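Input: a single structure, listed below in C-alpha cells.
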Amino acid sequence: MKVLAFDPGYERLGVAVIEKKNGKEILLHSECVRTS
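Taking my numbering, the leading residue of the sequence shown gets 753, the next gets one more, and so forth.
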C-alpha cells in the first residue's frame, strides 16, 4: 500500500510518499514546497 500525505501550512507545504510492505513503513519521497 502507498500513501500520499500532505501537511499544509501558510508559507510551506509538506509532501510525502510512504509505502508499507511486510509491516514496515518506507519513506519513498518527501519535500517541502514554499510559497511566495
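Note that beta-carbon positions come from the ideal geometry of N, C-alpha and C, so glycine has one too. Being a predicted model, the structure only gives us computed values, none of them experimental.
Gly761 sits in coil when the DSSP states are folded into three classes, being neither helix nor strand. Annotated as distal: Val767 and Lys754, with beta-carbon spacing of 8 Å or more. Cβ contact annotation for Arg764 (same chain, cutoff 6 Å, sequence separation greater than five): Cys784 and Arg786, in chain order. In the DSSP assignment, Ser782 falls within the beta strand (DSSP E) that extends over Lys776 to Arg786.
Gly761 has its alpha-carbon roughly 30 Å from the corresponding atom of Lys773.
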